[in-house]
RNA sequence: GGGGUCGUAGUUAAGUUGGUUAUAACGCCGGCCUGUCAAGCCGGAGGGCGUGGGUUCAAGUCCCAUCGGCCCCGCCA
């Protein structure tokens, strides 16, 4: 046996071999993906990160190799030397990238053995997530997941490339930082040196990047982890990565322009897709009214129509009462909805119930007119007005929600997405980018009984509306913008406040006393007094972006070592208990 | 904090109205085989049904509790 590793170095990746290598002697290192032992001849599909190639062990070429190859089992680690040759006539495998050729092994070393893996590493195998996460290092050998992480790496590299060329400076900001009010729950880190004190992991580098603008770095970016201790979803992890950007001496328009170019660069370099610029824009109010969400999916229609005016004085008491109680009546129309059965409609009613909707009325438009449980309550004029407003044609099904404005919005906003998936109205090739602009500066929080920032407390109001902050905070607009792709918020940013008086006004409107503001954000207020340039920025969720670029169904499929929905790691078993000694050092005591 | 769903060999699943030794496929082990590529053929091993209670003559099937995966609501500046 030859001395692989030290003397015989790898010459190629398995998946990179093709007909141009015919006649070359190659050295490959990889894993035994599959073994087909014919007794006389043994085929091994050798796998590395670039793909598979068939290796042939023939006793006529090397008896010793053939004999050793008989020991090979799934996931053994192999080094082989062999001649690339064109496969015999009729033996090509068109399903394999390297299927035109094969490697005739003349030398083999089993570098390591493997236990039988708990699951097949085939792309076809659907393995439950708990098993995959427990053996994540094996799951990550699967070509499908490797492909995702390789694309993720390309996206990050393309972003750095773009920012470098545009004169941005990458600056690292601290992970051990100060807990601040507002926003998500912080992950806390106890301080040993300062007993009883805590750092917080950053929810984003927001304040630091603004301070870098004060420092004159002018154009900053960072690809950085952020931490939020909130409950998880299919597209939400407690630690996630942002492409974080901040610029000085710019307007909202400037940021939008340059970020569109960055997005175009990423999609061109990483996916070979050319985006058409500029992206369309929609105001927050229009997005909510037409799509029921501030992150509208514009790949399909099913827009929401407001029928409140038509039905406010209706003889249908239920509708009239809801309207007089401050409610609204909204509806969507499904063209060619005849395939929807009564059972389907019941299922849709149950679907909207989870958003608090108390009912879902429907109407079918047949050649004879409406077929609907509510038809008898409506006047012909009302029916005609609804038909006209919704452009309802024969074959359509109308779905109505009469409820409080928020419930109607959420119910129908989510229903249209649910329907689009169910009725397969979404073109999977489509990339619908949209900027959402003109956000309100504040939202009223029913739970906290106060105004909270829609974006964050450092977002600049539209300058002309500053006087309204104290009188009509709900009427103030923010200089904020979100980038939405296929109904997912992939980025968001704003022009920041660079004047101390304005920042103080905002803190006051949020219910922060002068003392609290000074205690929590004093350093920022101080900094604003030392020549802060006008500035603004944006941050993109790298995980979500890559998820959309790869078509992954879960954020976990684009993260190497993700957490479960209970924020645990099935591989390492984190979080876990720590020793009493560790606690004592931190002057902590478990009280539960 | 709440709603839904799932948990049966290594994996993916089936398991009727509760009823003999709990099925299948793939994987695994052994044998045969020089052109397969989800190789084939023959043979074999492997689980007591997430866990703990309960009902019953009898529980994978029913009840209660509990643990865990996933999806969702709340939450996520």
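Numbering (the numbering used here), first residue to last: 2 to 593.
All C-beta atoms, glycine included, are put in the ideal place defined by N, C-alpha and C.
Which listed residue (461, 473, 326 and 459) has its alpha carbon closest to that of residue 405
326
Distance, Cα to Cα, residue 182 vs residue 511?
11 Å
Run the CB neighbour count on residue 140, radius 10 Å, all protein chains shown included, and call it buried at 16 or more, exposed below.
buried
Those runs of the alpha helix (DSSP H) which lie wholly inside the stretch 466-537 and span at least 4 residues:
469-472, 501-510 and 515-528
Just how far apart, CA to CA, sit residue 434 and residue 416?
21 Å
In the structure shown, what three-state DSSP assignment does residue 191 receive?
strand
Whole angstroms is fine: what's the gap from residue 86's alpha carbon to residue 30's?
18 Å
Give me the residue from 67, 96, 115 and 114 with the minimum Cα distance to residue 105.
Of 67, 96, 115 and 114, the residue nearest in Cα terms is 67.
Please classify residue 393 as buried or exposed, where buried requires at least 16 neighbouring CB atoms within 10 angstroms.
buried
Beta-carbon proximity check, residue 280 vs residue 274, cutoff 7 Å
no
Where residue 114 sits in the DSSP three-state scheme
coil
What does DSSP give as the partner residues of residue 328 in its beta bridges?
Per DSSP, none; premise fails for residue 328.
Once DSSP output is grouped into helix, strand and coil, what is the label at residue 136?
Note: residue 136 maps to coil in three-state DSSP.
Report the rounded CA-to-CA distance for residue 419 versus residue 276, giving the unit in angstroms.
27 Å
Report back the beta-carbon spacing between residue 486 and residue 137 to the nearest angstrom; my notes put them in contact at under 8 Å.
About 28 Å separates the two Cβ atoms, so there is no contact after all.
Does the separation of the CB atoms of residue 153 and residue 559 fall below 7 Å?
Cβ distance < 7 Å, so residue 153 and residue 559 count as in contact.
In terms of residue numbering, what span does the beta strand (DSSP E) encompassing residue 243 cover?
240-249
Would you kindly work out how many angstroms separate the C-alpha atoms of residue 189 and residue 202, rounded to a whole number?
6 Å
Euclidean distance between Cα positions of residue 337 and residue 391
14 Å
Could you give the distance in angstroms between the alpha-carbon of residue 254 and the alpha-carbon of residue 507?
23 Å
Cβ-Cβ separation, residue 399 to residue 332 (assumed contact under 8 Å), whole Å:
5 Å
Consult DSSP for residue 22 and reduce its assignment to one of helix, strand or coil.
helix
Assigned secondary structure, residue 280 (DSSP; H/G/I helix, E/B strand, else coil)
coil
Could you tell me if the beta carbon of residue 255 falls within a distance shorter than 6 Å of some heavy atom in the ligand ADP?
Summarising the ligand content, the structure contains no ligands, and the ligand ADP is consequently not present.
Out of 205, 178 and 490, point me to the one whose CA is closest to residue 198's CA.
178
Let me know the alpha helix (DSSP H) ranges lying completely inside the stretch 162-215, each 4 residues or longer, listed in chain order.
207-215
Taking the straight line between their C-alpha atoms, what separation do you get for residue 522 and residue 33?
57 Å
Near residue 162, which residues of its chain fall below 8 Å by C-beta distance, leaving aside the five closest residues on each side in sequence?
Excluding positions up to five away in sequence, the list reads 266 and 270.
Length-filtered (3 minimum) beta strand (DSSP E) runs lying within the stretch 30-93:
43-49, 52-58 and 78-87
If you draw a straight line from the C-alpha of residue 455 to the C-alpha of residue 209, how long is it?
For residue 455 and residue 209, the gap between their C-alpha atoms comes out near 20 Å.
Would you say residue 236 and residue 488 are within 7 Å of each other, going by their C-beta atoms?
At the C-beta level, residue 236 and residue 488 stay beyond 7 Å of one another.
Pull up the DSSP beta-bridge partners for residue 105, would you.
57 and 84
Cβ-based neighbour list, residue 459, same chain, cut-off 6 Å, excluding 5 preceding and 5 following:
Around residue 459: 497 and 498.
Ends of the beta strand (DSSP E) at residue 306?
305-307
Please list, in chain order, all residues of the same chain as residue 396 whose beta carbon is under 6 Å from its beta carbon, the five residues on each side excluded.
Cβ neighbours of residue 396 beyond the five flanking positions: 337 and 339.
What did DSSP end up calling residue 339 once you bin it into helix, strand or coil?
In this structure, residue 339 counts as helix in the three-state DSSP scheme.
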